[in-house]
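> Below is the structure I would like to discuss, written out as structure tokens.
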Amino acid sequence: MCDGNDEKSVRKKREALQMLVQVSKMNDASVWSKYFNQILTGVLEVLDDPDSSVRELALAVIVEMLSNQKDTLEDSVETLLEKLLHATKDLVAKVSSEADRCATIVLSQYDPYRCLTVVVPLLVSEDEKTLVTCIGCLTKLVGRLPPEELMAQLPSFLPALFDAFGNQSADVRKTVVFCLVDIYIVLGKAFLPYLGSLSSTQLRLVTIYANRISQARSGASVDPNNA
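Here the sequence shown stands for residues 1 to 227, where the numbers follow the UniProt record's numbering.
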């Protein structure tokens with residue numbers, strides 16, 4: 001049980017975070033230009049707070065900041081994304097799902113190359129949840145890159161993806177399939193030479209899903225001769 005001091009501390013943190021939610025909604029430029037670094041540092045620190053209600057409120061502040069202080073957050077994208085990815089492993093479902101929602105916003109709004117610098121190193125993790133989350137993040141990012149730029153980035157993450165394809169976790173393998181499918185849909189036949197290290201079963205799985213998804217999205221299919 002929490003003693004009185006702990007309860008008082010938690011209450012103060014909640015009140016401060018609730019105030020920040022309101023301040024963020026107001027979007028007062030003078031406040032954010034003066035105190036932004038202090039606010040962001042404090043909010044990111046309490047993402048590790050022992051009390052789940054505090055962590056939840058910290059994410060509520062981040063949601064508002066992503067909506068109202070988008071440009072101000074630009075310089076802190078890597079730090080923010082790294083903390084959010086860690087928070088997606090929270091044991092409290094409401095916290096992990098909200099962290100995932102915030103991370104998705106970051107991945108969709110900010111420079112994909114900067115996001116890749118955070119996501120790619122985590123693809124070598126042995127933690128199943130981290131792998132599923134980070135491969136999912138990679139899937140969101142590949143669709144934002146022009147084909148030639150995506151091609152240039154392949155060597156940085158394909159080896160880790162192929163390793164994950166052999167993971168004992170079915171969830172990890174499934175996430176890998178959908179990531180490879182999204183890359184395949186962007187690059188088409190140009191991606192096939194990169195898939196040479198896959199087994200015939202794995203390759204067939206990727207090409208079948210690529211055809212299904214591309215047909216569902218646009219009515220077109222990946223070259224059927226390659227399936």
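All residues carry an ideal CB built from backbone N, CA and C; glycine is no exception.
#1: Below 6 Å CB to CB, which residues in the same chain sit around C179 once its five sequence neighbours on both sides are set aside?
#2: Among I62, D75, V119 and E74, which has the Cα closest to the Cα of V95?
#3: Mind checking which residues open and close the alpha helix (DSSP H) that includes F165?
#4: Figure out for me which residue from V181, K12, E64 and R217 has the closest Cα to the Cα of I208.
#5: Relative to the C-alpha of C115, which residue among L91, A60 and L145 is closest?
#6: Specify the secondary structure class of G42 as computed by DSSP and reduced to three states.
#7: Output the distance between the C-alpha atoms of L187 and G143, rounded to the nearest integer angstrom.
#8: Can you look up Q215 in the DSSP assignment and give me helix, strand or coil?
#9: So, at 7 Å on beta carbons, what are the nonlocal neighbours of A99 in its own chain, with the 5 sequence-adjacent residues on each side left out?
#10: Between the beta-carbon of A160 and the beta-carbon of L205, is there less than 8 Å?
#11: Buried or exposed, going by whether 16 or more other CB atoms sit within 10 Å of the CB of M26?
#12: Got a sec? Which residues, its chain only, sit under 7 Å from N226 by beta carbon, not counting five neighbours each side?
#13: Cβ of V106 within 8 Å of Cβ of L80?
#14: Taking C-alpha atoms, which residue in S156, S200 and D49 lies nearest to V92?
#15: Quick check on the burial criterion: 16 or more other C-beta atoms within 10 angstroms. Buried or exposed for E56?
#16: I need the straight-line Cα distance from L20 to Y184, nearest angstrom please.
#17: Which class does T207 belong to by DSSP, given the choice of helix, strand or coil?
#18: Rounded to whole angstroms, what's the CA-CA distance from A152 to Q18? Just pull it up for me.
#19: In whole angstroms, give me the CA-to-CA distance for T104 and S97.
#20: Measuring CB to CB, does F165 end up less than 8 Å from Q109?
#21: In its own chain, which residues sit with a C-beta less than 6 Å from the C-beta of C2, not counting the 5 before and 5 after it?
#22: Less than 8 Å between the CB atoms is what I'm expecting for V118 and E82, so what's the real figure, rounded?
#23: Would the beta-carbon of S24 fall within 8 Å of that of E64?
Short version:
#1: The answer, listed in chain order, is I135, L138 and T139.
#2: Of the candidates I62, D75, V119 and E74, the one whose C-alpha sits nearest the C-alpha of V95 is I62.
#3: Unbroken alpha helix (DSSP H) run through F165: P147 to F165.
#4: Comparing alpha carbon positions, the residue from V181, K12, E64 and R217 closest to I208 is V181.
#5: Relative to the Cα of C115, the nearest Cα in the group L91, A60 and L145 belongs to L145.
#6: The three-state secondary structure of G42, taken from DSSP, is helix.
#7: Their backbone Cα atoms lie some 10 Å apart in a straight line.
#8: In the structure shown, Q215 sits in a helix (DSSP, three-state: H, G or I).
#9: Excluding five sequence positions before and after A99, the CB atoms of its chain that fall closer than 7 Å to its own CB belong to L59, L84, A87, T88 and D90, given in chain order.
#10: Cβ distance not < 8 Å, so A160 and L205 don't count as in contact.
#11: It is exposed - the Cβ of M26 has fewer than 16 other Cβ atoms within 10 Å.
#12: Per-residue confidence for N226 stands at a pLDDT of 44, beneath the threshold of 50, marking its modelled position as unreliable; the derived number appears in the next sentence. Taken in chain order, the residues that qualify are K189, L192 and T207.
#13: In contact: V106 and L80 (Cβ atoms closer than 8 Å).
#14: The shortest Cα separation from V92 among S156, S200 and D49 belongs to D49.
#15: So E56 counts as buried.
#16: Within the model, the alpha-carbon separation for L20 versus Y184 is close to 43 Å.
#17: In the structure shown, T207 sits in a helix (DSSP, three-state: H, G or I).
#18: Going from the Cα of A152 to the Cα of Q18 covers about 44 Å.
#19: In this structure, the alpha-carbon of T104 lies about 11 Å from that of S97.
#20: Going by C-beta atoms, F165 is not nearer than 8 Å to Q109.
#21: For C2, the predicted structure reports a pLDDT of 49, less than 50, and the residue's modelled location is therefore unreliable. A value from the coordinates is still provided. Closer than 6 Å at Cβ, skipping near neighbours: no residue.
#22: Indeed, because the Cβ distance is near 5 Å, the residues count as touching under 8 Å.
#23: Yes, the Cβ-Cβ distance between S24 and E64 is below 8 Å.
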